[in-house]
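One structure is given below, encoded as structure tokens.
In the working numbering, the protein residues as written are 146 to 336.
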């Protein structure tokens, strides 16, 4: 991954979430990778179609609720964009404590960044940090064998859209995330 421009179309009601899912189903082969994330609880459903591309504008730009720049801070080519990034993605940390320290260091070095993403090696989990010093651990509950590294940046983009839409982090902790993309389908919980 390098620097990616991301467009997110969101739905905040069950009907809008179904429309977001339909939009995901109409993505054409050969276009930018598209991922569907549906956050569901017994009382609420929230859907997002995420498209990332290395060129502007993302295909789903019309009607999107969120656009942002997502950067891999450890990539020599894209790292120079990290000062402008809304979402920063780091390489995997060996332990939860290392991931917490890396998240804090990224937030301190990049105060304008809203979301940081630090995967944890071999855990099927990542630490998502927000600009206000809170962290959420996202863990894959079920899915294809292994967890693709592309899943974590998409969750960072989802969290950015979630927060930009005025949703609270506490609301996300009560939801189960269903993620469907080019690398498979996963069920993810946040705590």
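We put the CB at the ideal spot given by N, CA and C, even for glycine. Predicted model, so just to flag it, every value in this text is computed and none were measured.
Query	Result
The beta strand (DSSP E) spanning residue 212 covers which residue range?	211 to 217
For residue 270, tell me which candidate among 260, 287, 255 has the shortest Cα-Cα distance.	287
With DSSP as the reference, label residue 175 as helix, strand or coil.	Low per-residue confidence applies at residue 175: pLDDT is 42, beneath 50, and the placement is therefore not dependable, though the value from the model is reported in the following sentence. In this structure, residue 175 counts as coil in the three-state DSSP scheme.
My guess is that residue 252 and residue 228 are in contact by the Cβ rule of under 8 angstroms, so how many angstroms apart are they, rounded?	The pair is not a contact, with the Cβ atoms about 13 angstroms apart (cut-off 8 angstroms).
Work out the CA separation of residue 285 and residue 334 for me, nearest whole Å.	7 angstroms
Helix or strand or just coil, what does DSSP make of residue 258?	coil
For residue 336, which residues of its own chain have a beta-carbon under 8 angstroms away from its beta-carbon, when the five flanking residues on both sides are left out?	281, 282, 284, 318
Per the DSSP calculation, residue 265 is bridged to which residue(s)?	238, 270
Assuming residue 193 contacts residue 295 (C-beta within less than 8 angstroms), just tell me the rounded distance between them.	Not a contact, Cβ separation roughly 16 angstroms.
Go ahead and pull the three-state DSSP assignment for residue 206.	Legend: pLDDT at residue 206 = 45, less than 50; position of this residue unreliable, no value from coordinates given.
Which word fits residue 254, buried or exposed, when buried means at least 16 other C-beta atoms lie within 10 angstroms of its C-beta?	exposed
Who are the Cβ neighbours of residue 264 in its own chain at under 6 angstroms, not counting the five residues just before and after it?	237, 271, 297
Does DSSP put residue 192 in a helix, a strand or coil?	strand
Just grab the DSSP bridge partners of residue 284 for me.	270, 334
Once you ignore the five residues that flank residue 99 on each side, which residues in its own chain have a CB closer than 6 angstroms to its CB?	Because the chain spans 146 through 336 in this model, residue 99 falls outside it and cannot be assessed.
Determine the contact status of residue 259 and residue 232, defining contact as a CB-CB distance below 8 angstroms.	yes
Taking a contact to mean a Cβ-Cβ separation below 8 angstroms, would you say residue 262 touches residue 301 in this structure?	yes
Pick from 219, 195, 304, 184: whose alpha carbon is nearest that of residue 152?	195
Roughly how many angstroms lie between the CA atoms of residue 182 and residue 324, to the nearest whole one?	5 angstroms
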